Amino acid sequence: MNRIEKSQETYKRLFGEGVPAAYAAHPEFQDILSRFIFGEIFDQGALDDKQRELITLVVLATNQTLPQLKAHTRAALNVGLTPTEIQEAIYQCAPYLGFPKTLNAMSEMNEVFKERNVALPLESQKRVEDDNRFDKGLGIQKEIFGDIIEKNRENAPSNQKHIQDYLSAFCFGDFYTRGGLDLKTRELLTLCILSALGGADSQVKAHVQGNINVGNNKETMITALTHCLPYMGFPRTLNALACVNEIIPEK
45 MNRIEKSQET YKRLFGEGVP AAYAAHPEFQ DILSRFIFGE IFDQGALDDK
95 QRELITLVVL ATNQTLPQLK AHTRAALNVG LTPTEIQEAI YQCAPYLGFP
145 KTLNAMSEMN EVFKERNVAL PLESQKRVED DNRFDKGLGI QKEIFGDIIE
195 KNRENAPSNQ KHIQDYLSAF CFGDFYTRGG LDLKTRELLT LCILSALGGA
245 DSQVKAHVQG NINVGNNKET MITALTHCLP YMGFPRTLNA LACVNEIIPE
295 K
């Protein structure tokens, strides 16, 4: 099967019959897009359609490319992701994008859920309470990153220790503890979010190590970042791959 045939098969699997609306006005551009994304990118590496669509959703949320996010929310459902998995992927963006951008993404997601007769709110995935969110979050931080977490907390300036507390309780306590997605998936999505943000190389490197520690190998990360390429472009993809290679040098 050549890449044109692969792209047609993948597009149908994600979006069903028909052609993109842009095809009528810009057929050559749409052919370039479709054949590259669906004929080549989807064929690289070992990630399945569900993993790829979760990655696509968080990168589109990061970019705030909301019409495409809506289309890929439909595609995510089409390839078998549950509403809970989709919701949790979008929620995972909040500590990195901030609340307004995450709410924008949630609004698009909600519209698709309404189209598909998905009743909201979904079943709760909350796993912490106010009196243990910090401890649970700190525990997950240490599971992912090891002893460096205590060093970071100890070395934080006294007037900035609250940021370390927020990182543990909010980012890891409120979000990483949630159900719906496993730790390996959340950590891989975080790597993609940070890579798509740009300008976050130190955090990308930290989460490359975090991915290793939770069981995502270098090839998985390369495939995930390759999947991000059509949505975040070559500069950010190459920067992220440089971070991967620095933490995990080629032998």
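Residue numbering for the sequence shown follows the working numbering, beginning at 45 and increasing consecutively.
Virtual Cβ for every residue (Gly too), placed ideally from N, Cα, C.
It should be emphasised that the depicted structure is a prediction, and the values quoted were computed from it without experimental measurement.
query: Less than 9 Å separating the beta-carbons of aspartate 93 and glycine 124?; result: yes
query: Within the chosen definition, does the region 92-110 reach the region 270-279 through at least 3 CB pairs nearer than 8 Å?; result: yes
query: With DSSP collapsed to three states, give me the class of glycine 208.; result: Sequence check: residue 208 is glutamine here, not glycine. Correct three-state label for glutamine 208: helix.
query: Leaving out five residues before and five after lysine 249 in sequence, what residues of the same chain have Cβ atoms less than 7 Å from its Cβ?; result: Cys287, Glu290, Ile291
query: Using CA coordinates, which residue listed in Asp218, Glu132, Asp174 is at the minimum distance from alanine 149?; result: Glu132
query: Buried or exposed for histidine 206, please, with buried defined as at least 16 other CB atoms from any protein chain shown within 10 angstroms of its CB.; result: exposed
query: Pick from Phe178, Gly223, Thr234, Ser239: whose alpha carbon is nearest that of tyrosine 210?; result: Phe178
query: Among the candidates Asn257, Phe214, Ala213, whose CA atom is the shortest distance from the CA of leucine 232?; result: Asn257
query: Less than 9 Å between the C-beta atoms of leucine 141 and alanine 105, yes or no?; result: yes
query: Isoleucine 184 and leucine 147 - do their beta-carbons sit closer together than 9 Å?; result: no
query: Under the rule that 16 or more other beta-carbon atoms within 10 Å means buried, what is arginine 160, buried or exposed?; result: exposed
query: Mind checking serine 212: buried by the 16 CB within 10 Å criterion, or exposed?; result: buried
query: Valine 288 lies in the alpha helix (DSSP H); which residues open and close that run?; result: 262-291
query: If the criterion is Cβ atoms closer than 9 Å, does the pair asparagine 255 and threonine 264 meet it?; result: yes
query: Which ranges does the beta strand (DSSP E) cover as unbroken runs of at least 3 residues, wholly within the region 63-146, from first to last along the chain?; result: none
query: What does the alpha-carbon distance come out to for the pair glutamate 155 and lysine 295?; result: 47 Å
query: Helix, strand or coil: how does DSSP classify valine 156 here?; result: helix
query: Helix, strand or coil: which one does DSSP assign to glycine 183?; result: helix
query: Can you look up glycine 217 in the DSSP assignment and give me helix, strand or coil?; result: helix
query: Compute the distance between the beta-carbons of glycine 243 and arginine 171, then report whether it is under 9 Å.; result: no
query: Starting from leucine 225, trace the alpha helix (DSSP H) in both directions and tell me its first and last residue.; result: Run containing leucine 225: none; DSSP gives neither H nor E here.
query: To which residues of the same chain is threonine 221 closer than 7 Å at the C-beta, ignoring the five residues directly before and after it?; result: Arg171, Val172, Lys180, Gly181, Ile184
query: With 16 as the cutoff for other CB atoms within 10 Å, does glutamate 152 come out buried or exposed?; result: buried
query: Just verifying my parser: in three-state terms, what is the DSSP assignment at glycine 166?; result: Reading off the sequence shown, one finds leucine at residue 166, where the question assumed glycine. Residue state, collapsed to three classes: coil.
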